[in-house]
Amino acid sequence: MLKGVDKLPLFSRNMVMNGGSCMEYRQRAVIVGCNINNDIGFLSMMEELSGLADACDIEVVGVITQKLERVYASHYIGKGKVKEVISLIHEKHSEMVIFNDELSPAQIRNLEKDLKCKVIDRTALILEIFAKRSKTKESQLQVEIAKLQYILPRLTDFQESLEHQIDGGWLTNRDSRKTKFELDRRKIRSRISALNAELETLFATRQNQRKQRKKAGIPVIALVGYTNAGKSSIMNTMIDVYGSSIGKYVFEKDMLFATLETYVRSIKLSDNRSFLLIDTVGFISKLPNQLVKAFRSTLEEITDADMLIHVVDRSNPDYKQHIEVVKEILGEMGAANIPTIYAYNKADLLRDEITKEEKDCIYVSAKYKTGIDNLINEICKRAIEQQVCCQLLIPYEKGSILSYFRDNANIKSTEYKTNGVFISVECKELDYRRYKQYESLI
Numbered sequence: 025m026l027k028g029v030d031k032l033p034l035f036s037r038n039m040v041m042n043g044g045s046c047m048e049y050r051q052r053a054v055i056v057g058c059n060i061n062n063d064i065g066f067l068s069m070m071e072e073l074s075g076l077a078d079a080c081d082i083e084v085v086g087v088i089t090q091k092l093e094r095v096y097a098s099h100y101i102g103k104g105k106v107k108e109v110i111s112l113i114h115e116k117h118s119e120m121v122i123f124n125d126e127l128s129p130a131q132i133r134n135l136e137k138d139l140k141c142k143v144i145d146r147t148a149l150i151l152e153i154f155a156k157r158s159k160t161k162e163s164q165l166q167v168e169i170a171k172l173q174y175i176l177p178r179l180t181d182f183q184e185s186l187e188h189q190i191d192g193g194w195l196t197n198r199d200s201r202k203t204k205f206e207l208d209r210r211k212i213r214s215r216i217s218a219l220n221a222e223l224e225t226l227f228a229t230r231q232n233q234r235k236q237r238k239k240a241g242i243p244v245i246a247l248v249g250y251t252n253a254g255k256s257s258i259m260n261t262m263i264d265v266y267g268s269s270i271g272k273y274v275f276e277k278d279m280l281f282a283t284l285e286t287y288v289r290s291i292k293l294s295d296n297r298s299f300l301l302i303d304t305v306g307f308i309s310k311l312p313n314q315l316v317k318a319f320r321s322t323l324e325e326i327t328d329a330d331m332l333i334h335v336v337d338r339s340n341p342d343y344k345q346h347i348e349v350v351k352e353i354l355g356e357m358g359a360a361n362i363p364t365i366y367a368y369n370k371a372d373l374l375r376d377e378i379t380k381e382e383k384d385c386i387y388v389s390a391k392y393k394t395g396i397d398n399l400i401n402e403i404c405k406r407a408i409e410q411q412v413c414c415q416l417l418i419p420y421e422k423g424s425i426l427s428y429f430r431d432n433a434n435i436k437s438t439e440y441k442t443n444g445v446f447i448s449v450e451c452k453e454l455d456y457r458r459y460k461q462y463e464s465l466i
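Just so we're aligned, residue 25 is where the sequence shown starts under the working numbering, counting upward by one.
In structure tokens, the structure reads:
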């Protein structure tokens, strides 16, 4: 096992002494981005980068941008901009610079040499957020694999960076430095293989769970969307209003990547029809390829779903771009053709009129629980099979069957006969076929 790398943050955390105790304080950073060919989404991407930094407890103290047709191979930005960044670093007492794109190992090396401070790219920032937020064994394994895959081509640079940042908080045990710095590609690849093997075991368990759901004939609906669009809020609202999983609320918070785990909850309607609702990790622009690969088993919950609910933060001015980002990622995953309902969340914040192309979408407010009935009705119409109306005579000795229908179907009437219980019922076609023999007894 690699010592240190699996727990290694992708950038240092500065510490200060306070009354004899060591306390972490927010690092200061300048963020840098290149607007390639006047990209209309560039400014929102820079705002998002600032939000990602904040999610890592980093204070953004300055912003520098440059318009280019293509980035510079050596430094990503031009020499003049490098000087501008150096000046801003000194002016703002910045400890690191964060770039809006994934940098090559050479670019990081050249920039750190000239800027004389730590250089982080967007990918490293997102990986660090995932590392901080992962709670389950599966997500922790996935994040560790992604981090190691990111480090692998940058190994020499990370070793050099570590040597210069011992006092910055990466490694504090001087006696163990030598062993912790002996990181090589063979060891990292070996570690990745071991982690993948461990992950495959968990993946097999997840596959079996999916097979059981399919066998039960219960529709599976997956919530997808841009990070912080409100997927978890909608799940909690459904649990609150309809769920048979009351008390099993999922974590929700107004921040990027609040949810990294996969949650499955049963939503049972008043007529006893039900479906499984899945909430999983949100998407973002320039989602690191390492994460997409590492989270394969988690994301397959989406590709195996019967229907997707694409949750959109309609109050966000960049919502159309977010929709396209999510659609692009779903396409790469092979989920582009899964039937999809668009749920425009945060409708309570809207002041503009609904446009023609949005009339087929369901407007909801998870906060005020409005529009959820409309969303449920659309799910029932498009994903939950139509109910079969039938009349059955259940023998008294088959009380378990009657209990099953009471829990899983809509019994319209009940009449007690001498030879059994006569029911008029709306049930799933699968259940009708399973118990059709009792129809002939009427």
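Beta carbons: idealized from backbone N, C-alpha and C, even for Gly.
Three-state secondary structure assigned by DSSP to residue i
{"i": "F319", "result": "coil"}
{"i": "E324", "result": "helix"}
{"i": "A53", "result": "strand"}
{"i": "V265", "result": "helix"}
{"i": "N432", "result": "helix"}
{"i": "V167", "result": "helix"}
{"i": "K441", "result": "strand"}
{"i": "T394", "result": "strand"}
{"i": "N260", "result": "helix"}
{"i": "L332", "result": "strand"}
{"i": "Y459", "result": "coil"}
{"i": "D337", "result": "strand"}
{"i": "G355", "result": "helix"}
{"i": "T229", "result": "helix"}
{"i": "N252", "result": "coil"}
{"i": "A360", "result": "coil"}
{"i": "R215", "result": "helix"}
{"i": "I365", "result": "strand"}
{"i": "F307", "result": "strand"}
{"i": "Y343", "result": "helix"}
{"i": "D295", "result": "coil"}
{"i": "E276", "result": "coil"}
{"i": "L454", "result": "helix"}
{"i": "E285", "result": "coil"}
Buried or exposed by the 16-neighbour rule on C-beta atoms within 10 Å, applied to residue i
{"i": "D63", "result": "exposed"}
{"i": "T225", "result": "exposed"}
{"i": "Q231", "result": "exposed"}
{"i": "S158", "result": "buried"}
{"i": "G395", "result": "buried"}
{"i": "E463", "result": "exposed"}
{"i": "V14", "result": "A query on residue 14 cannot be resolved here, the shown segment of the chain reaching from 25 to 466 and no further."}
{"i": "S424", "result": "exposed"}
{"i": "H491", "result": "Nothing can be reported for residue 491: it is not among the residues displayed for the chain, which extend from 25 to 466."}
{"i": "D330", "result": "buried"}
{"i": "D303", "result": "buried"}
8 Å Cβ cutoff met for residue i and residue j
{"i": "C141", "j": "V167", "result": "no"}
{"i": "D337", "j": "N369", "result": "yes"}
{"i": "Y456", "j": "C404", "result": "no"}
{"i": "K116", "j": "G75", "result": "no"}
{"i": "Q131", "j": "S163", "result": "no"}
{"i": "F123", "j": "V106", "result": "no"}
{"i": "F299", "j": "I242", "result": "yes"}
{"i": "V244", "j": "R237", "result": "yes"}
{"i": "T261", "j": "A390", "result": "yes"}
{"i": "L151", "j": "Y174", "result": "yes"}
{"i": "T160", "j": "E285", "result": "yes"}
{"i": "S118", "j": "L127", "result": "no"}
{"i": "L67", "j": "V109", "result": "no"}
{"i": "Y366", "j": "H334", "result": "yes"}
{"i": "G444", "j": "I408", "result": "no"}
{"i": "A433", "j": "E450", "result": "yes"}
{"i": "S309", "j": "M69", "result": "yes"}
{"i": "A246", "j": "L311", "result": "no"}
For residue i, the residue or residues it bridges with in DSSP
{"i": "L300", "result": "V244, S290"}
{"i": "S389", "result": "T394"}
{"i": "Q415", "result": "S448"}
{"i": "N62", "result": "Its beta-bridge partners do not exist; DSSP assigns none."}
Going along the chain, which unbroken runs of the beta strand (DSSP E) with 3 or more residues stay wholly within the segment 69-99? As far as the segment 69-99 is concerned, its whole beta strand (DSSP E) runs of at least 3 residues are 82-92.
Taking only runs of the beta strand (DSSP E) that begin and end inside the segment 91-158, which ones reach a length of at least 3 residues, in chain order? Within the segment 91-158, the beta strand (DSSP E) runs of at least 3 residues that lie entirely inside it are, in chain order, 120-123, 142-145.
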